[in-house]
Every structure is written in structure tokens, then in C-alpha cells.
Amino acid sequence: MTFETLNEICRDVPGASVVEGQGGLPVIALQTDASQAQVYPHGAHVTHFQPVTQREPVLWLSRKSWFEDGKPIRGGVPVCWPWFGPHSSAPDLPSHGIARTREWQVESLELLDDESLRVTFLLKSDEQTRQVWPYSFELRHEITVGATLEMTLRTRNPGKSQLSLCEALHSYFRVGDVQRVRIEGLENTTYIDKIAAAAGRKQQGDEPVTFEGEVDRPYLDTESACTLVDPQLGRRIIVRKRNSRSTVVWNPHIEKSARMEDYADDEWPTMVCIETANVHDNAVTIDPGQTHEMTAVISVADME
Ligand code: BG6
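Residue numbering for the sequence shown follows my numbering, beginning at -17 and increasing consecutively.
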């Protein structure tokens, strides 16, 4: 969508504007009485969210991120869809699917009240998407910015055959020091350890998740909220969700960071991902004519 079209959409909506973002890409800036946010039509990607009560942004964004057509943004909330990680049978296809590298259309933008704005993006199947994923789909990403950041990814199956897919709202959070944070809410659940040296299914004990090294774990059958406790920044980030049965926790630590072109070597201590997802055993199937939606709601509270 051109700057002109986006300007037109934002013109009558108080608190919404279009500015030139990184890499010259357009970005929609949203400002309400409760918070501010930025969302790129490229990937329907939220890159910034900060309630007025917070001194620091909630989301993390790499200073080495690409902001380019066809490449994903590193940080914020990438939309992983319709597969997660490498494609299961075609390793040359892009990691995490096709949604995060495509330009989405703004379907609607509305002021809900003084504290909240909602933007809805739409991505539909076309010739290009059918070349890599041979199905018809309508994907909507509804982003509501207020005291909380609420994101609903809605997949409609307009085709004649069943859809089977994985999805994640791959949320990157800014932390004071990953080695001092903990994640509560995943106790006594099963996860897949994706670290090569230790790969396999494992059981989380009674203790919260902590980060002594690289962590890359899809937790399965986990529908409850997670709390990221950050003593250094003095805050708790709470991730609530609906229709999401997996939670992926990721921090690349030293060696994996060094292998990633779009991630600075010294950034790993400042971020952690808690991804609202349906992956692996929790993949979703959608019958013809049906719609599935998955929601993440992110809020922040000061530590007592
Ligand atoms: C996580 C995966 O969700 O995303 C990791 O579990 C992966 O294995 C990470 O490394 C980042 O993926 P990408 O494609 O953005 O580099």
C-alpha cells in the first residue's frame, strides 16, 4: 500500500498517522491516552508497544534487523504462518512461513475509545502464495492497542479442502538481563527441546523457566497465561491467550546470535521470546468455510 493510501486511511482517525519507518517502509504510528505503538504493513508486524505507565518499550527490536521487501523484521511480533520454523518437507522455503515477509492490506482502522485504536490487516492467497502453499486462505490480523496489546490472528478457509497449519505470534520482549528473568506459567508441562545437543521431549518441573544458555522450546498443551518476571526492569509482562495450545520460549544465547546476520552479537541478554502458538502436536485444522482464531493479550505491571 502506498503512503498516499495509508495517509487516506489514517486521516480521519485521531491518534493514527503514517510515517516513514526503517528502510523507507511505511509504518502506522498509533497513539492513545493509554499507550503508543508502531505497526508495519510489511508482515502486519507490531514493532513497538509502550503503555504510558512504562519507562521502557515492552517489545524488543534488533538494531540489525532487515527492513526490506521479502525479508522478516527481527523483533516485535512476527506472524509465523502457515508453518513454524523450517518447512517440514521443503527446507528451501522461508522459515516460519509466508506471512511475515509479505505486505498486508489495511482492511480497517478505528478508534474504539480514547484509550484504544484497532487496525485490521488482511492477506489473501494469490498466485505467489499458491506456489509455496497450494491453498486458498483469508488471513486477518487484528491489532488493538490500548492499555494492553491485543492481537488476534484469524484464518478463514474459503477453499474446498481442509487446511492444516501451524501459527505463532512470535513476541520478542525487552528485558533487563535474560539471565535474571524467569517465566512462570509453564510448570509441569511437556516441551520439545530443539537444542541439537539435548534434543527430545522433556518435562518442565515445578520451577519457572530460566535462561542459563540457549533455550529453544515449544511447550505443548499449554493454554494458561505466562508471566515474565524481570527484576532488573522492575516489571512483569503477562501474556494471556485464547485458542493457543502451545507456547514457544526462545533465547539464542551467544553462538546462535553470532550465526544470525540480522541480530547483533551483544543483543541476546536483552530479549526473550514468549510465543503464543499452535505448533507440532497442536497444529490446527480448519474445515472448508470455517474460521479459526488465536489471540494473545500482552499487559505490563510493576513489580511490588
Ligand atoms: C523460534 C524458533 O521461534 O524462532 C527458533 O523456535 C528460531 O528455532 C527462532 O531460531 C528464530 O527464527 P528465525 O527464522 O526468525 O531466525
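From the three backbone atoms N, C-alpha and C, an ideal C-beta is built for every residue, glycine too.
If one requires a minimum length of 4 residues, no alpha helix (DSSP H) run lies completely within the segment 211 to 239. Beta-bridge annotation (DSSP): residue 272 is not paired with any residue.
By alpha-carbon distance to residue 199, the top candidate from 133, 257 and 246 is 257. Membership of residue 264 in any beta strand (DSSP E) is not indicated, and neither H nor E is assigned to it by DSSP. Within 6 angstroms of the C-beta of residue 78 there is at least one heavy atom belonging to the ligand BG6. Secondary structure note for residue 155: it is in no alpha helix (DSSP H), and the uninterrupted beta strand (DSSP E) holding it is 149 to 156. DSSP, read as helix, strand or coil, puts residue 81 in helix.
Relative to the ligand BG6, the beta carbon of residue 197 is positioned no closer than 6 angstroms to any heavy atom. Contact check for residue 264 and residue 227: beta-carbon distance about 4 angstroms, within the 8 angstroms limit, so the pair qualifies. With a 10 Å radius around the Cβ and a threshold of 16 neighbouring Cβ atoms, residue 20 comes out buried. Judged by beta-carbon spacing, residue 283 lies within the 7 angstroms limit of residue 218, meaning their Cβ atoms are closer than that value. Beta-bridge partners of residue 208 (DSSP): 221. For residue 120, the beta-bridge partners assigned by DSSP are 106 and 138. Here residue 35 has no same chain residue with a Cβ atom under 7 angstroms from its own Cβ, once five neighbours each way along the sequence are excluded. In this structure, the beta-carbon distance from residue 23 to residue 141 does not fall below 7 angstroms. Annotation: the continuous beta strand (DSSP E) that includes residue 12 extends over 8 to 13. Per DSSP, residue 244 has no beta-bridge partner at all. In this structure, residue 49 sits near residue 7, with a CB-CB distance shorter than 7 angstroms. The straight-line gap separating the alpha-carbon atoms of residue 25 and residue 280 is approximately 19 angstroms.
Exclusion of the five residues before and after residue -5 leaves 91 and 93 as the residues of its chain whose Cβ lies within less than 6 angstroms of its Cβ.
Boundaries for residue 49: no beta strand (DSSP E) harbours it, and the DSSP string shows neither H nor E there.
Residue 64 and residue 79 do touch by the CB rule: their CB atoms are close to 5 angstroms apart, below 8 angstroms. Taking the C-beta atoms as reference points, residue 27 is found no nearer than 7 angstroms to residue 5. Relative to residue 15, the option among 3, 95 and 116 whose CA is nearest is 95. Pairing residue 126 with residue 120 gives a Cβ-Cβ distance that is not under 7 angstroms. Under DSSP, residue 27 takes part in a beta bridge, and its partners are 22.
By the beta-carbon neighbour count (other beta carbons within 10 angstroms, threshold 16), residue 155 is buried.
Across the set 272, -12, 220 and 224, the C-alpha of -12 shows the shortest separation from the C-alpha of residue 102. In the three-state reduction of the DSSP assignment, residue 250 falls in the helix class, which pools H, G and I.
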